[in-house]
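Undergrad: First the structure, which I've put down as structure tokens, then a few questions once you've had a look.
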């Protein structure tokens with residue numbers, strides 16, 4: 001677009017096209033939006049820069065999403081736990097949320113997003129936090145304790161096949177495969 | 001092998017086992033619903049629990065790499081299970097390296113990675129790139145893998161960029177290429193709406209979006225029909241116009257009534273000639289002036305007319321059945337007979353919604369929906385008394401009686417009305433006006449009834465008053481009136497209502513976008529087009545124009561005036577429902593009406609391409625006879641026509657085959673359900689084994705601690 005915006009190197013573009021579910025236009029658009037998040041001095045080497053979490057959360061697609069913190073945590077590969085995202089992390093995220101990603105990949109990452117304590121399973125506390133995110137933080141739209149208990153009991157009864165009190169990845173993917181809507185609702189398009 | 005590794009663990013970590021201590025068979029005192037992650041478990045037990053393969057798959061890179069190593073190995077061997085005897089060092093790393101998190105050296109990860117690379121190298125390039133694409137690792141990891149792969153596969157050369165992705169997914173490649181040409185022309189039309197659809201989805205969610213996607217689907221159907229009719233019927237007739245009477249003057253009223261200037265135009269059946277078009281013999285009245293040479297490509301108009309309509313209907317039928325089966329296949333699941341609360345919770349959030357207010361609305365909707373489901377479940381456990389059940393039955397019956405009687409009343413009224421109609425031009429509009437008025441008012445009445453019950457019934461009325469061109473004109477008027485009334489309904493139902501709500505009643509609530517009613521209006525309009533295409537070949541063009549205009553009008557009205565529906569709608573089941581509704585009453589009815597008209601009704605004597613024939617179908621028959629006479633070598637064609645097309649035995653045979661296929665599929669599904677039940681029981685048993693072993697482990701550590 002502008003003269004100051006640097007372009008993505010062609011070889012990298014081809015590699016990204018092969019390794020993600022994004023098309024060429026989507027990758028270029030992602031590059032443009034990502035470099036807009038960086039301050040002007042760093043835009044030249046946007047490929048290797050890291051954007052802090054606060055900047056990522058200003059994107060309109062993530063701004064109002066209740067799972068925004070989990071998304072940043074799951075896709076960030078920064079070693080010091082500050083959830084900053086590089087361009088490749090950003091592409092990863094868009095690839096998983098894109099139109100052509102498979103159900104397998106989407107359900108895998110959905111599991112990781114919903115696993116609030118990151119222990120590899122969804123236990124009662126994870127499910128409670130998930131329902132709280134879904135119903136919003138307002139006072140009038142929370143479930144009462146009894147209702148929450150009943151809901152989590154039902155969820156575990158329906159999805160915990162090996163009856164160990166938690167839902168692991170395979171059980172989660174089995175539940176997700178029963179829903180035809182999941183692929184179209186687990187989508188973010190720039 | 002799993003049992004072997006646990007046994008080893010217990011042996012090496014506990015000396016008590018060697019002391020031949022009697023571990024009494026503990027009663028598994030498991031209360032239902034008790035959480036197995038007991039805080040009483042010792043830290044070592046918890047650590048071992050945390051590194052179980054079923055839990056590491058969801059979080060650690062090494063486990064994912066091992067899992068995909070197994071998958072690629074399976075792919076290479078093409079058998080579902082690797083043999084258990086193969087327990088050498090390089091096999092089944094997910095079992096050997098079960099203790100992933102406590103192993104600090106990175107060498108393990110490298111080892112796994114090299115194993116995976118070795119397996120990937122043995123695959124074909126297409127499978128390899130597909131596997132790389134679908135492994136849930138970060139992009140940096142995938143790039144490393146790819147670099148290692150390219151370095152190992154061609155050791156001397158620099159890693160070069162392999163060819164672009166379409167050929168990597170080999171199976172899709174061929175289908176894509178063949179469809180590419182056909183879809184290219186549509187892509188240009190679809191792209192301008194891509195942003196509009198994203199905007200609608202972002203503010204209102206997937207359910208309202210499904211209405212607009214349905215509108216787009218209808219547009220595609222109409223464009224296909226239009227193209228066929230344009231190329232084979234309208235264009236040849238436009239090039240060879242028949243000798244016609246002097247045209248009437250054009251007044252503005254024709255756009256609404258379709259009569260007057262338009263009566264003798266390409267729009268209607270009556271304009272089309274019943275002769276071979278480029279044969280000068282047929283059209284000239286004086287037989288002696290005929291040069292007696294047949295033209296090079298004789299274009300038989302009646303044949304072209306009936307065949308084009310037949311082919312466009314066949315194409316529409318094929319497209320409808322295909323899209324219906326695809327959306328049905330996506331929404332139907334075998335063995336999903338248990339409750340769906342878990343599914344609802346995990347798939348409830350629509351990530352496409354981005355506006356803050358819409359997000360808040362979505363949260364409220366989900367909360368309401370969950371509360372309703374839980375309340376319903378609680379009330380289901382306590383059964384209704386006899387009185388309540390009786391009351392509900394009475395209400396149901398009353399709603400049915402009211403709906404049916406109003407439909408009957410409308411039918412009787414319309415029949416009476418159209419029999420007493422006069423043929424003056426502006427009055428021709430009265431019948432469609434009345435029909436459209438009823439179409440608009442009745443759904444509101446039914447919505448009122450729906451506060452008791454959920455009812456949506458369309459009132460689809462077409463009354464065939466006069467013959468072909470008149471029928472075509474009538475249908476044209478219906479289509480135009482329907483469009484005008486849709487516009488008026490949008491104006492009054494949405495804009496004016498919102499203004500009333502905001503200014504007069506001071507409520508800060510916008511009217512809801514009524515998806516059901518709008519979809520039924522679309523289906524009504526499409527039914528009219530299909531019914532009328534035989535009598536007015538350009539009707540699909542008018543319908544296309546109408547749909548394009550409707551898209552923009554509805555979108556603008558939606559953005560300005562409406563809020564998203566508060567009822568939870570499942571978008572995919574709705575799309576299936578819309579397409580099914582389009583196919584079964586609407587398309588099937590139109591097809592039956594069309595077949596009846598072509599096969600049994602006598603066409604009019606004085607106008608149109610089938611003058612003088614007994615039925616429209618006879619044009620095909622006479623052509624076959626003519627062909628037989630002129631060229632004796634094509635007797636097989638006549639034979640095919642006589643014994644296959646005309647014979648009813650073929651129909652019975654095809655129905656029998658179809659029924660057999662359906663029965664077979666039902667049996668297969670039944671067998672699959674049984675297997676799913678058995679597998680679930682097996683998994684539950686394995687789970688009990690696991691819990692038993694964990695308890696045993698815990699008791700071992702407890703006793704060890706007590707001794708220390």
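Protein chains in written order, with the UniProt record's numbering: chain A, 1 to 190; chain B, 1 to 708. Ideal Cβ positions, reconstructed from N, Cα and C, are used throughout, including at glycine. As the structure is a computational prediction, the values presented were derived from the model and not from experiment.
1. Considering Cα atoms alone, identify which of 689(B), 266(B), 58(B) is closest to residue 241(B).
2. Along the segment 201-212 of chain B, what residues have a CB closer than 7 Å to any CB found in chain A?
3. DSSP three-state call for residue 106(B): helix, strand or coil?
4. How is the alpha helix (DSSP H) around residue 150(B) delimited, first residue to last?
5. Going by alpha carbons, who is nearest to residue 597(B) out of 381(B), 51(B), 69(B), 616(B)?
6. To the nearest angstrom, how far is the alpha carbon of residue 59(A) from that of residue 359(B)?
7. When you compare the segment 49-56 of chain B with the segment 163-182 of chain A, are there three or more beta-carbon pairs, one atom per stretch, that lie closer than 8 Å?
8. Under 8 Å by Cβ, that's how I've got residue 113(A) and residue 67(A) pegged, so tell me the actual separation to the nearest angstrom.
9. Using only alpha-carbon positions, find the residue among 495(B), 144(B), 594(B) that is nearest to residue 553(B).
10. Considering just the uninterrupted stretch of the alpha helix (DSSP H) at residue 353(B), what are its terminal residues?
11. List the residues of chain B whose Cβ lies closer than 7 Å to the Cβ of residue 169(A), in chain order.
12. Within the 8 Å Cβ cut-off, does residue 493(B) reach chain A?
13. Taking Cβ-Cβ distances shorter than 8 Å, what residues in chain B pair up with residue 69(A)?
14. Straight-line CA distance for residue 707(B) to residue 45(B)?
15. Just to confirm, is the Cβ distance from residue 126(A) to residue 690(B) under 8 Å?
16. Taking the beta carbon of residue 111(A) as the centre, do at least 16 other beta carbons fall within 10 Å, making it buried, or is it exposed?
17. Strictly under 8 Å for the Cβ-Cβ distance: is residue 97(A) near chain B by that measure?
18. Below 7 Å on C-beta distance, what does residue 155(A) contact in chain B?
19. Inspect the CB distances between the segment 572-589 of chain B and the segment 311-323 of chain B and report whether three or more fall short of 8 Å.
20. Applying a beta-carbon distance threshold of less than 9 Å, which residues of chain B neighbour residue 126(A)?
21. When the cut-off is 8 Å and only beta carbons count, does residue 91(A) lie next to chain B?
22. Leaving aside the five residues before and after residue 701(B) along the sequence, list all residues of the same chain whose C-beta is less than 7 Å from its C-beta, in chain order.
23. If residue 128(A) and residue 59(B) are in contact, beta carbons under 8 Å, what's the gap, nearest whole angstrom?
24. Just checking: is the beta-carbon of residue 129(B) within a distance shorter than 8 Å of some beta-carbon in chain A?
25. For a test of the three-state rule: what should DSSP assign to residue 517(B), helix, strand or coil?
26. Can you say whether residue 99(A) is buried or exposed, counting buried as having 16 or more other CB atoms within 10 angstroms of its CB?
27. Where do the ends of the alpha helix (DSSP H) carrying residue 559(B) lie?
28. Consider the Cβ of residue 1(A): report whether some Cβ of chain B lies at a distance smaller than 8 Å.
29. Does DSSP classify residue 605(B) as helix, strand or coil?
30. Between the Cα of residue 34(A) and the Cα atoms of 25(A), 20(A), 50(A), which residue gives the shortest distance?
31. Just to confirm the assignment, what range does the alpha helix (DSSP H) spanning residue 130(B) have?
32. So, for residue 191(A): in the same chain, excluding its five sequence neighbours on each side, which residues have a beta-carbon less than 8 Å away from its beta-carbon?
33. Could you name each continuous alpha helix (DSSP H) segment of 4 residues or more that falls completely within the UniProt domain "EF-hand" (102-137) of chain A, going from the start of the chain to the end?
34. Return helix, strand or coil for residue 494(B), following the three-state DSSP convention.
35. State the Cα-Cα distance for the pair residue 1(A) and residue 268(B), rounded to the nearest angstrom.
36. Does the distance from the C-beta atom of residue 214(B) to that of residue 613(B) stay below 8 Å?
TA: For this structure:
1. Here the question's residue 241(B) lines up with position 241 in the second chain. Of the listed residues, the one whose Cα sits closest to residue 241(B) is 266(B).
2. Residues passing the 7 Å Cβ filter: 206.
3. Reading the second chain from its first residue, position 106 is the one you call residue 106(B). Legend: pLDDT at residue 106(B) = 42, less than 50; position of this residue unreliable, no value from coordinates given.
4. As a position in the second chain, residue 150(B) is number 150, starting the count at 1. Boundaries of the alpha helix (DSSP H) harbouring residue 150(B): 139-153, taken from the DSSP string.
5. For the purposes of this step, residue 597(B) is identified with residue 597 of the second chain, where counting begins at 1. Minimum Cα distance to residue 597(B) is reached at 616(B).
6. Sequence index remark: in the first chain, residue 59(A) carries index 59 (1-based). Sequence index remark: in the second chain, residue 359(B) carries index 359 (1-based). Approximately 15 Å, taken between the alpha carbons.
7. A contact exists between the segment 49-56 of chain B and the segment 163-182 of chain A.
8. Translated into positions along the first chain, residue 113(A) becomes position 113. Translated into positions along the first chain, residue 67(A) becomes position 67. Indeed they touch by this definition, with Cβ atoms about 6 Å apart.
9. Residue mapping note: residue 553(B) aligns to position 553 of the second chain, counting from 1. Checked all of 495(B), 144(B), 594(B); the closest Cα to residue 553(B) is 495(B).
10. In the second chain, counting from the first residue as 1, residue 353(B) sits at position 353. From DSSP, residue 353(B) is part of no alpha helix (DSSP H); its letter is neither H nor E.
11. Taking the first chain and counting its residues from 1, one reaches residue 169(A) at position 169. Within chain B, the residues near residue 169(A) are 57, 58.
12. Indexing the second chain from 1 puts residue 493(B) at position 493. No, because no Cβ of chain A sits closer than 8 Å to the Cβ of residue 493(B).
13. For this step, residue 69(A) is matched to residue 69 along the first chain. Contacts between residue 69(A) and chain B, judged by CB atoms closer than 8 Å, are missing: the closest CB pair is about 14 Å apart.
14. Taking the first residue of the second chain as position 1, residue 707(B) is located at position 707. Taking the first residue of the second chain as position 1, residue 45(B) is located at position 45. Note on geometry: alpha-carbon atoms of residue 707(B) and residue 45(B) lie some 17 Å from one another.
15. Residue mapping note: residue 126(A) aligns to position 126 of the first chain, counting from 1. Residue mapping note: residue 690(B) aligns to position 690 of the second chain, counting from 1. Going by C-beta atoms, residue 126(A) is not nearer than 8 Å to residue 690(B).
16. Residue numbering aside, residue 111(A) sits at position 111 when the first chain is read from its first letter. Counting C-beta atoms within 10 angstroms of its own C-beta, residue 111(A) has 16 or more neighbours from the protein chains shown and is therefore classed as buried.
17. In the first chain, counting from the first residue as 1, residue 97(A) sits at position 97. Residue 97(A) belongs to the set of residues whose beta carbon lies under 8 Å from a beta carbon in chain B.
18. In the first chain, counting from the first residue as 1, residue 155(A) sits at position 155. For residue 155(A), the C-beta contacts it makes with chain B under 7 Å involve 341, 342, 345, in order along the chain.
19. Contact annotation: the segment 572-589 of chain B touches the segment 311-323 of chain B, with at least three C-beta pairs closer than 8 Å.
20. Working through the first chain from its first residue, we reach residue 126(A) at position 126. Those do not exist, as residue 126(A) stays about 11 Å from chain B at its closest Cβ, beyond 9 Å.
21. As a first step, residue 91(A) is located in the first chain; it is residue number 91 there, counting from the start. Yes, residue 91(A) counts as interfacial toward chain B.
22. Within the second chain, the letter at position 701 stands for residue 701(B). Excluding positions up to five away in sequence, the list reads 42, 44, 45.
23. Along the first chain, one-based indexing puts residue 128(A) at 128. Along the second chain, one-based indexing puts residue 59(B) at 59. No, residue 128(A) and residue 59(B) are not in contact; Cβ-Cβ is about 20 Å, not under 8 Å.
24. The sequence position of residue 129(B) within the second chain is 129, counting from 1. By this cut-off, residue 129(B) is an interface position.
25. Position 517 of the second chain, counted from the start, is the residue given in the question as residue 517(B). Reduced to three states, the DSSP call for residue 517(B) is helix.
26. Residue numbering aside, residue 99(A) sits at position 99 when the first chain is read from its first letter. The residue in question, residue 99(A), is exposed, as its Cβ has fewer than 16 Cβ neighbours within 10 Å.
27. Position 559 of the second chain, counted from the start, is the residue given in the question as residue 559(B). From DSSP, the alpha helix (DSSP H) with residue 559(B) extends over 539-561.
28. Within the first chain, residue 1(A) is the residue found at index 1, counting from 1. Unreliable placement is indicated for residue 1(A), whose pLDDT of 44 sits below 50; no coordinate value is reported for it.
29. In the second chain, counting from the first residue as 1, residue 605(B) sits at position 605. Note: residue 605(B) maps to coil in three-state DSSP.
30. As a working mapping, residue 34(A) is identified with position 34 in the first chain. Closest by alpha carbon: 50(A).
31. Working through the second chain from its first residue, we reach residue 130(B) at position 130. Taken as a continuous stretch (DSSP letters only), the alpha helix (DSSP H) holding residue 130(B) covers 125-134.
32. Not covered by the structure: residue 191(A). The range shown for chain A is 1 to 190.
33. Counting whole runs of 4 or more residues, the UniProt domain "EF-hand" (102-137) of chain A contains the alpha helix (DSSP H) stretches 103-114, 124-135.
34. The sequence position of residue 494(B) within the second chain is 494, counting from 1. Residue 494(B) falls in the helix class under three-state DSSP.
35. Residue mapping note: residue 1(A) aligns to position 1 of the first chain, counting from 1. Residue mapping note: residue 268(B) aligns to position 268 of the second chain, counting from 1. Residue confidence for residue 1(A) is low, a pLDDT of 44 falling below 50, so the modelled location carries little weight and cannot support an answer.
36. To locate residue 214(B), count along the second chain from 1; it is residue 214. To locate residue 613(B), count along the second chain from 1; it is residue 613. Going by C-beta atoms, residue 214(B) is not nearer than 8 Å to residue 613(B).
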